[in-house]
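Novice:
In the numbering used here, the protein residues as written are 2 to 645.
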């Protein structure tokens, strides 16, 4: 910026002097005292002392209010410090005095208009420049044409995507979180109770700080403190992300003794004594190039990050690595050309819904340097086309990391807005509706042996019933404790598996609901033994029909898995109804439904000798038939062990 302004001031002075004779405005006739202030301002601007430069230029104008060069220079200076209102004011004063002399400044004037979101005016200004005084320098011409494209994009976007009622009103998180230093890279646990961020100390060192949300007002957050344990060092730690359950911290460390390249990705675990000694995630995740900005999926099975490793599409690309059954990370996969480009893609953030990914790009159409985009995971596992988040989240400047809370609407980011307490501060704001992820609840509990009460290490899986896509898959800890996210907006099958036990199934019907409460669910698993039984809660039929609905497939495939893992298992599949209708009809319906399940299993190569279908009609109720809830429980499909 220093060299740019210095050169721009000098170039403008020579340019105006050269053409003065042909223009109504004549720089040679400006008061000498005003010129002296102008020249001093030029020196201050070259030293990046913009406040002093602006003051000197104001003095020049107070002597000669028609000093066009001084108005133009103020437009430049105020634009450099993002005081776009004052910048526009002085450009327009200069244009009014002499529109011909000043036309080459329509480029920087348009930039200030765009800084305020006035994209139609900015487009008009750049079109005027390209029509009446196109830059002769090929580089300047290319820059002007590129700006025109961004303004056209912005005008189009505003017409098609803007919510007229949306108000962008970032709120500074206050002195408990922000300080005279810079704070950035905010991340929160899914319950919103702990905020972890990076703070730059003494101008160079970066450490992690944590603030705990208070249960009561007036202060919303406790005063931030350095995170406990061994993760902070005299070296810089940055670009961190805390896992949804608050137990893992992934981050970037650069030029460390155990590093593989310039910047590597590390992980630290929460212990009773604080965060553990960081571990380098090793070769594969890290290379001899720049690997940075890690983000964990809510189930901690996927690690997204940005890398400049060889073999990408250009610049930095976004990759993902998957947690394998042995606890190691898979070789990273490039997310492909639907996301990565010849430009830079960075700052990946996967929301707690495990379906909406946000990132920055310098290549996809946008407003300026780097914009924020989102993609959504489709039923086939592929990502949607990138969607620009739009103004005013994206601006003509470079945008950085974004974190969105579990509610799907509260976002956090770092900015140096006018009410900053120093450098970058962390702000919160509400997202526009069409760029929100799914609101996400969560389920916690313990899986245990139904007979002994002992905790069981098990696999917990959440599947989209409609798309059959696994949304989350987690392992409980050794004591059987689990934590799984639950995005609102879909209906889910909830399954828990452990070899030697009948699997547990449940469902969450959230496609048309948006509950505010989370779920606590302790799960007893039944050992596989004679007469042990389980209700198959995700086997679905239409009323009075026995054709399996497509939403039953996730559960049926779990049954197939159970039989394959227990090759000697034999079962009875039983159908049950409520007491509505004729008993004989109910008996026939229940028998046909049990047969439908058996037929599906046989179609998946489960031996028919291991299966028996039986309908009991309304004869074995497990609840009162007086209410719809009770009748719903009685309409069920069960599995009972008959041999093993």
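Just so it is clear, CB atoms sit at the ideal spot from N, CA and C, and this is done for glycine as well.
1. Among 56, 362, 389, which has the Cα closest to the Cα of residue 45?
2. Who are the Cβ neighbours of residue 188 in its own chain at under 6 Å, not counting the five residues just before and after it?
3. Would you mind sorting residue 584 into buried or exposed? The rule is 16 or more other CB atoms within 10 Å of its CB.
4. Which stretch, first to last residue, makes up the alpha helix (DSSP H) that contains residue 139?
5. Identify, in the order they occur along the chain, each residue of the same chain with its Cβ nearer than 6 Å to the Cβ of residue 331, setting aside the five sequence neighbours on each side.
6. Is DSSP giving residue 651 helix, strand or coil here?
7. So residue 124 and residue 152 are supposed to be a Cβ contact under 8 Å. How far apart are they, rounded?
8. Is the number of C-beta pairs between the region 350-359 and the region 437-447 that are closer than 8 Å three or more?
9. So, for residue 477: in the same chain, excluding its five sequence neighbours on each side, which residues have a beta-carbon less than 6 Å away from its beta-carbon?
10. DSSP three-state label for residue 274, please.
11. So residue 85 and residue 117 are supposed to be a Cβ contact under 8 Å. How far apart are they, rounded?
12. Should residue 294 go down as buried or exposed, given a rule of 16 or more other Cβ atoms within 10 Å for buried?
13. For a test of the three-state rule: what should DSSP assign to residue 563, helix, strand or coil?
14. Which residue spans inside the region 16-85 form an unbroken alpha helix (DSSP H) run of at least 4?
15. Note down, in chain order, each residue of its chain lying with its Cβ closer than 7 Å to the Cβ of residue 344, except the 5 sequence neighbours on either side.
16. Cα separation between residue 390 and residue 360?
17. Per DSSP, what are the beta-bridge partners of residue 414 in this structure?
18. Given this structure, state the Cα-to-Cα distance separating residue 623 from residue 598, to the nearest angstrom.
19. What is the C-beta distance between residue 35 and residue 61, in whole angstroms, given that I count them as a contact (C-beta under 8 Å)?
20. Reducing DSSP to helix, strand and coil, say where residue 250 ends up.
21. Who are the Cβ neighbours of residue 2 in its own chain at under 7 Å, not counting the five residues just before and after it?
22. If contact is defined by three or more beta carbon pairs under 8 Å, each pair taking one atom from either stretch, is the region 375-395 in contact with the region 415-428?
23. Give the secondary structure of residue 642 by DSSP, where H, G and I count as helix, E and B as strand, and everything else as coil.
24. Work out the CA separation of residue 226 and residue 177 for me, nearest whole Å.
25. Going by DSSP in three states, residue 295 sits in which element: helix, strand or coil?
26. Looking at residue 644 and residue 467, is the spacing between their C-beta atoms short of 8 Å?
27. Using the Cα positions of residue 486 and residue 303, report the straight-line distance between them to the nearest angstrom.
28. Taking Cβ positions, are residue 436 and residue 336 nearer each other than 8 Å?
29. Assuming residue 120 is part of the alpha helix (DSSP H), what are its boundary residues?
30. Where do the ends of the alpha helix (DSSP H) carrying residue 435 lie?
31. Assess, as a yes-or-no matter, whether the region 599-612 is touched by the region 558-576 under the definition of 3 or more beta carbon pairs within less than 8 Å.
32. Taking the alpha helix (DSSP H) that residue 302 belongs to, which residues open and close that run?
33. Apart from the five residues just before and just after residue 593, which ones in its own chain have a Cβ nearer than 8 Å to its Cβ?
34. Does the beta-carbon distance from residue 641 to residue 572 come in below 8 Å?
35. Under three-state DSSP, which class holds residue 180?
36. Using the Cβ count rule (16 or more neighbours within 10 Å means buried), how would you classify residue 228?
Specialist: Checking against the coordinates, here is how it stands:
1. 56
2. 197, 242, 243, 404
3. exposed
4. 139-162
5. 322, 323, 325
6. This structure cannot settle anything about residue 651, because the visible part of the chain is limited to 2 through 645.
7. 4 Å
8. yes
9. 448, 458, 459, 483
10. coil
11. 5 Å
12. buried
13. helix
14. 33-47, 51-64, 69-81
15. 315, 316, 362, 363, 364
16. 10 Å
17. 403, 428
18. 21 Å
19. 4 Å
20. strand
21. Bear in mind that the predicted position of residue 2 carries a pLDDT of just 39, short of 50, making it unreliable; the figure below should be weighed with that in mind. 49, 81, listed in sequence order.
22. no
23. strand
24. 9 Å
25. strand
26. no
27. 14 Å
28. no
29. 120-133
30. Looking at the DSSP string, residue 435 is not in any alpha helix (DSSP H), and its letter there is neither H nor E.
31. yes
32. Note, residue 302: premise wrong, no alpha helix (DSSP H); not H, not E.
33. 547, 576, 616
34. yes
35. coil
36. buried
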